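Here the structure comes first, spelled out in structure tokens, and everything after it is commentary.
There are 2 protein chains.
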Amino acid sequence: MSDILTRLPSVQPDAPVQAAHDRVYRGLRQQIMHGELPPGHALTLRGIGKSFGVSMTPAREAVRRLSAEGALTMSGSGRVTTPELSNDRIEELAQIRALLEPELGSRALRRAHLALIDRMDAINEANARAVNRQDPISYIRTNLEFHRTLYLRAQSPAILGLLETVWLQLGPTMRELYTRLRRTTPPPHHRHILEALRAGDDAALRLAIRTDVTQGLKHLQG
Amino acid sequence: MSDILTRLPSVQPDAPVQAAHDRVYRGLRQQIMHGELPPGHALTLRGIGKSFGVSMTPAREAVRRLSAEGALTMSGSGRVTTPELSNDRIEELAQIRALLEPELGSRALRRAHLALIDRMDAINEANARAVNRQDPISYIRTNLEFHRTLYLRAQSPAILGLLETVWLQLGPTMRELYTRLRRTTPPPHHRHILEALRAGDDAALRLAIRTDVTQGLKHLQG
DNA sequence: CATGGACAACTGTGATCACATTTACCGCTC
DNA sequence: GAGCGGTAAATGTGATCACAGTTGTCCATG
Chain A
1 MSDILTRLPS
11 VQPDAPVQAA
21 HDRVYRGLRQ
31 QIMHGELPPG
41 HALTLRGIGK
51 SFGVSMTPAR
61 EAVRRLSAEG
71 ALTMSGSGRV
81 TTPELSNDRI
91 EELAQIRALL
101 EPELGSRALR
111 RAHLALIDRM
121 DAINEANARA
131 VNRQDPISYI
141 RTNLEFHRTL
151 YLRAQSPAIL
161 GLLETVWLQL
171 GPTMRELYTR
181 LRRTTPPPHH
191 RHILEALRAG
201 DDAALRLAIR
211 TDVTQGLKHL
221 QG
Chain B
1 MSDILTRLPS
11 VQPDAPVQAA
21 HDRVYRGLRQ
31 QIMHGELPPG
41 HALTLRGIGK
51 SFGVSMTPAR
61 EAVRRLSAEG
71 ALTMSGSGRV
81 TTPELSNDRI
91 EELAQIRALL
101 EPELGSRALR
111 RAHLALIDRM
121 DAINEANARA
131 VNRQDPISYI
141 RTNLEFHRTL
151 YLRAQSPAIL
161 GLLETVWLQL
171 GPTMRELYTR
181 LRRTTPPPHH
191 RHILEALRAG
201 DDAALRLAIR
211 TDVTQGLKHL
221 QG
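Each protein sequence line maps, in turn, to chains A and B.
If you read the first sequence in UniProt numbering, its first letter stands for residue 1, the second for the next number, and so on.
If you read the second sequence in UniProt numbering, its first letter stands for residue 1, the second for the next number, and so on.
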């Protein structure tokens, strides 16, 4: 069972023996997904190894795994950087989110209960505070947590896993966006999502999620 | 034997020397996606290395990359096998295909021309011959090639890349299916796809693709 | 014949090293 | 000051090795 969970690092009930390459993988993955690294940021195997206290070998495996997921880009000579996405690619990734996330939301709706909605509400408030604080990293983290909290209820690990690789690819770009244009208002459609959840309205939920996703990423293009 | 070949990579100036780990990755990936390996098939790093004429290091990187894409499963002790999918996971992967593939088809439709449709027709006939020959591997290969030929025209590498990881995960399972129940008729909806393409009918194309995908995978559950 | 345990072979992990290539830096020339 | 060349540092790659954990086998015991 833990073999499947390795693809969903957000869920780890048991922590038997964290292999070195797995520690490195998780650490880098979080940095990238939460937007702690700008696009085009260069990484080196020896540097990664040093910062995690391991040799090149586990660093290489973590990098290989992350680049397989699109979280890192490898140049022809093997140099590794965070991805700099073209407009076309951003549009594609937004389209994937727009296809997968309403489906996950719909699946979660049938299993959603009040405690879940309350938890999402709390995360959403933390998200609003991050906006006021002008803190891009906290903003991205709480925003993703808001969505993931809902989608976990869908009990669809394969779809969620695929979606998380999309989030990964967008991490550095989202950081750039949210540091460039300093937002002053929290994402407006989160409220619609919560309302649709409370009302148990499937169609409204799908629309709210889709709008939230596409609206948030529309500003990325330029 | 291979020592001499690997020691003279610069003799071929035009051909970019593909790294050893990449050769291994491509080789294994094709075996898995085309259904040459049954579900649960065990692989070892030393065995992979030996069969590709390299050491454990490139084999490990290729395996790491493939398991990151879901093409291989790693047990807690690091043992690596081809995945044995549960019914729930098959249903999820089918759903992902049903969401992504009609979108790719629709995007390709605007760019499709007659030569493309003729090529797909030829591939489809090869597919029918594979059915008559009772050749599961050729069947899977031509079936994927039929779809990929269309989707390549969508000019959407991110979506297609994600879709290919889904195909990868289904490879061994599809092999099992098509060897168990020996089909005698080619996939009926390929004809509908071709007709919709010729007519330029977007809605019909989306429906035909979605039906083809879900029909093909419906038999997998059991 | 079934069961259990000890031993040997096997397997993944991570460190280290040599090597080829790429990148960066510094000084020189025009 | 800008462009350029050459050397040194940095970097990825792949092989090899020691080690620990796992798996499989085979024989003794009941």
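Beta carbons are placed, not taken as given, at the ideal position from N, Cα and C, and that holds for glycine.
What you are looking at is a predicted structure, and each value in this text was computed from that prediction instead of being measured.
The Cβ atoms of residue 158 (chain B) and residue 96 (chain A) sit closer than 9 Å to each other. Taken atom to atom, the span from the alpha-carbon of residue 70 (chain A) to that of residue 125 (chain A) is near 31 Å. The three-state secondary structure of residue 158 (chain A), taken from DSSP, is helix.
When DSSP states are grouped into helix, strand and coil, residue 54 (chain B) belongs to the coil group. For residue 108 (chain A), no CB of chain B lies under 9 Å from its own CB, so it is not counted at the interface with that chain. Annotation: residue 152 (chain A) to residue 167 (chain A) spans about 15 Å, alpha carbon to alpha carbon. In the three-state reduction of the DSSP assignment, residue 42 (chain A) falls in the strand class, which pools E and B.
In this structure, residue 131 (chain B) sits away from residue 188 (chain B), with a CB-CB distance that is not shorter than 9 Å. For the stretch 113 to 139 of chain B, there are no residues whose beta carbon sits under 7 Å from a beta carbon of chain A.
At the C-beta level, residue 59 (chain A) and residue 72 (chain A) stay beyond 9 Å of one another. With contacts defined as CB atoms closer than 9 Å, residue 140 (chain A) and residue 35 (chain A) qualify as a contacting pair. Counting only the Cα atoms, residue 53 (chain A) lies some 43 Å from residue 99 (chain B). Linking residue 165 (chain A) to residue 148 (chain B) through their CA atoms gives a straight-line distance of about 22 Å. Leaving aside the five residues that flank residue 110 (chain A) on each side, none in its chain has a CB nearer than 7 Å to its CB.
Beta-bridge analysis with DSSP links residue 80 (chain A) to A:43, A:74. Here residue 38 (chain A) is exposed. Its C-beta has fewer than 16 other C-beta atoms within 10 Å. The Cβ of residue 158 (chain B) sits closer than 9 Å to at least one Cβ of chain A.
For residue 182 (chain A), the secondary structure class from DSSP, reduced to helix, strand or coil, is coil.
Here the C-alpha atom of residue 199 (chain A) lies approximately 39 Å from the C-alpha atom of residue 66 (chain A).
In this structure residue 82 (chain B) touches residue 41 (chain B) by the C-beta definition: roughly 5 Å separates them, less than 8 Å.
Residue 86 (chain B) carries a coil assignment under DSSP once its states are collapsed to helix, strand and coil.
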